[in-house]
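Residue numbers (the numbering used here): 19 to 205. Built from N, CA and C at the ideal position, the CB exists for glycine as well. The structure under discussion appears below in the form of structure tokens.
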Amino acid sequence: MGFKGQIKNVLKEFNQLKNRYDLEKRNIKNNGMYSDEYKEELIKKTKLEFMKQQEYLKNEALNVTDITKQKLLSSKTKVDKDHTFEVALSNTLKILETVGADMDTEELRELINPFEKDYYTMKVLRKIFVKNNLEGIQEIFGVDNIDHNINTIESLEKDISYVFTSDIENANSMKLSIAIEMIQDIQ
């Protein structure tokens, strides 16, 4: 099961927990054998028990996001940068500095093609393209999927923390549910 499915399952468990809490609270309130004060004590005690389970589910969801982030970070490839690589990179940087603005997208693509397997070098080259306002950034580099996915996961972690630490009676998981549906699945 992918990242999205795992998070959905935890959210489903949370919603079931919330429903069980609401039912138990309603049963306590409707019990005619207890005084109002005792009902309030029982509700507080029940709420504390459910909040422990809520905390467990929050940690479970954040563990899924953390594992997924670590997988993404480990997929950032690095290549061995021998002397030839460094000379080629130095020459490429000099060409970009001197005539990069006069080059078309295809020429620029060919210029940086030898570095496409090194995530970090490509990230630096992309920044140089942006800084120098060179053409073809999207065509050559596309979207930085790894960083985009990490940012998406970090945003989702904030939503998870907010929903799962909210008072169980008032916790609204709708925003989190929508956020999960809007992201792509990350394997």
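Closest by C-alpha distance to residue i, when choosing among the options
i	options	result
H101	E172, D84, N109	N109
Y137	D40, K94, K65, L60	K94
A197	K87, M51, T170, E42	T170
L143	A106, E42, Y52	A106
Supposed contact pair residue j and residue i - C-beta distance, whole angstroms, cut 8 Å
i	j	result
I146	L114	6 Å
S191	L29	6 Å
V148	I158	The pair is not a contact, with the Cβ atoms about 12 Å apart (cut-off 8 Å).
V97	K135	5 Å
I61	I85	So it is not a contact: roughly 36 Å between Cβ atoms.
With 16 other Cβ atoms within 10 Å as the buried cut-off, status of residue i
i	result
G23	exposed
T116	exposed
Q34	exposed
Y39	buried
Q202	exposed
Pair within 9 Å by beta-carbon distance, residue i and residue j
i	j	result
L90	I164	yes
L66	F182	no
D122	E153	yes
E175	T64	no
I25	A79	yes
I186	K87	no
F68	I204	no
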